[in-house]
Amino acid sequence: MGRPVFRPLDGILLLDKPAGLSSNGALQHVRRLYRAEKGGHTGALDPLATGLLPLCFGEATKIAGLLLGGRKAYEAGLRLGATTDTDDADGQVLRERAVPALDRATVTAALAPFLGRIMQRPPIYSALKQGGEPLYARARRGEVIEVAERAVEIDAIELLALEGDRLRLAVTCGSGTYIRSLARDLGEALGCGAHITALRRTWVEPFNPPRMHTFASLEAVAAAGGEPALDALLLPVEAGLAHWPAAVVDAGEARRLGQGQAVSTLGSAPGGAPGPIPATVNLLDPAGRSLGLGEWREDGQLWPKRLFRWASAS
1 MGRPVFRPLD GILLLDKPAG LSSNGALQHV RRLYRAEKGG HTGALDPLAT
51 GLLPLCFGEA TKIAGLLLGG RKAYEAGLRL GATTDTDDAD GQVLRERAVP
101 ALDRATVTAA LAPFLGRIMQ RPPIYSALKQ GGEPLYARAR RGEVIEVAER
151 AVEIDAIELL ALEGDRLRLA VTCGSGTYIR SLARDLGEAL GCGAHITALR
201 RTWVEPFNPP RMHTFASLEA VAAAGGEPAL DALLLPVEAG LAHWPAAVVD
251 AGEARRLGQG QAVSTLGSAP GGAPGPIPAT VNLLDPAGRS LGLGEWREDG
301 QLWPKRLFRW ASAS
């Protein structure tokens with residue numbers, strides 16, 4: 001069987017990533033199935049983790065960074081009493097301690113300081129880079145790694161279950177938050193250590209609730225209806241910008257933006273001024289199709305920032 005012949009393809013697929021596979025491995029599996037020339041994912045899930053992994057194909061890769069910065073929600077299983085070098089069950093146990101008698105009120109009180117804007121130290125086994133190299137690569141070589149704390153936001157934490165040394169949490173958070181770090185730090189707050197045993201991402205802004213597709217369901221669709229049926233599962237590129245403020249432009253303004261020129265002033269801008277300046281907006285043509293991203297600047301004009309290829313044909 002020869003190599004697949006890849007094709008131009010634009011859109012977003014909401015994949016339900018299985019456990020035991022890297023996010024890039026999941027992307028490449030789906031990209032081959034679709035024969036998509038260009039693809040990317042929007043924020044890696046650990047191999048242990050399952051759940052929503054938005055995959056961007058073609059022009060949608062231009063907004064992958066925006067999706068990466070969106071809010072996210074997870075359900076996590078934790079084991080108390082043991083810390084690991086990766087802060088999850090895939091790592092080596094570093095220390096074991098007795099688990100104190102805990103009730104829901106005690107755990108809920110321990111969770112309270114983690115709400116809001118907090119400082120968090122990412123795991124040393126992470127894709128964050130130091131000196132141009134992922135931390136996990138250095139950790140695997142046994143190097144001593146110092147990881148600085150950074151500000152993250154956690155909107156909500158709900159204790160779903162507590163049974164002996166096991167608990168389950170539902171977490172809603174901002175970009176850059178590590179649930180493994182939350183588990184590690186909660187374990188220290190409870191005096192016994194903890195690590196993640198299961199992690200599922202349930203939604204990513206703006207896909208809430210998401211309609212996710214598994215490998216098995218995608219392969220079944222491909223077998224039954226071929227590529228047209230697969231393509232029908234893709235969300236349009238615009239779906240990834242649904243939560244961004246929009247600026248509607250007329251046909252002439254759309255043409256000028258597509259040629260790289262600025263348009264309008266804040267006083268006459270369709271849809272009005274966007275609020276704080278500068279501001280990134282979703283540029284919409286008269287038919288409501290997204291042309292890409294624009295930026296209101298201090299000069300009172302709307303400038304093209306990152307446009308989709310069809311913007312130049314406006």
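Our numbering applies: residue 1 is where the sequence shown begins, and numbers increase by one. Note that CB positions come from ideal geometry on N, CA and C, so glycine has one too.
Sequence-distant residues of its chain with Cβ nearer than 6 Å to residue i (five each side left out)
i, result
"Asp-16", "Met-212 and Thr-214"
"Gly-267", "Residue placement at Gly-267 cannot be trusted, given a pLDDT of 44 that sits under 50; the coordinates are not used to answer."
"Ala-269", "For Ala-269, the predicted model reports a pLDDT of 48, less than 50, meaning its position is unreliable and no value from the coordinates is stated."
"Ala-305", "The sequence shown places Lys at residue 305, rather than the Ala named in the question. Closer than 6 Å at the Cβ level, and outside the excluded window around Lys-305, lie Leu-293, Gly-294 and Glu-295."
"Asp-90", "Leu-48"
Residue of the options minimising C-alpha distance to residue i
i, options, result
"Pro-100", "Lys-72, Gly-187 and Leu-48", "Gly-187"
"Lys-38", "Asp-46, Leu-48, Ala-44 and Leu-27", "Leu-27"
"Ala-76", "Leu-235, Arg-184 and Val-263", "Arg-184"
Own chain, CB closer than 7 Å to residue i, minus 5 neighbours either side, in chain order
i, result
"Cys-192", "Leu-80, Gly-81, Arg-97, Ala-98, Val-99 and Pro-100"
"Gln-92", "Thr-84 and Asp-85"
"Tyr-74", "Val-171, Ile-179, Leu-199, Arg-200, Arg-201 and Thr-202"
Three-state secondary structure (DSSP) of residue i
i, result
"Thr-42", "coil"
"Phe-215", "helix"
"His-195", "strand"
"Glu-59", "helix"
"Gln-120", "strand"
"Pro-113", "helix"
"Pro-54", "strand"
"Asp-185", "helix"
Whether residue i touches residue j by CB criterion (8 Å)
i, j, result
"Gly-294", "Leu-257", "yes"
"Glu-153", "Gly-174", "yes"
"Ala-160", "Leu-33", "Looking at the sequence itself, residue 160 is Leu, so the reference to Ala does not match. No; because the gap between Cβ atoms is not below 8 Å, this pair is not in contact."
"Gly-40", "Val-237", "no"
"Ala-242", "Pro-206", "yes"
"Arg-150", "Gly-176", "yes"
"Leu-78", "Ala-216", "no"
"Leu-162", "Val-107", "yes"
Environment of residue i [buried if 16+ CB atoms lie within 10 Å]
i, result
"Pro-209", "exposed"
"Ser-312", "exposed"
"Asp-250", "exposed"
"Pro-228", "exposed"
"Asp-87", "buried"
"Glu-59", "buried"
"Glu-315", "The chain is shown from 1 up to 314; residue 315 falls before or after that span and cannot be answered."
"Pro-122", "buried"
"Gly-43", "buried"
"Pro-113", "exposed"
"Arg-31", "buried"
Spatial neighbours of residue i in its chain, beta-carbon cut-off 8 Å, leaving aside the 5 residues before and after
i, result
"Ala-110", "Leu-186, Ala-189 and Leu-190"
"Val-281", "Trp-244, Pro-245, Ala-246, Ala-247, Pro-274, Leu-293, Gly-294, Glu-295, Trp-296 and Leu-302"
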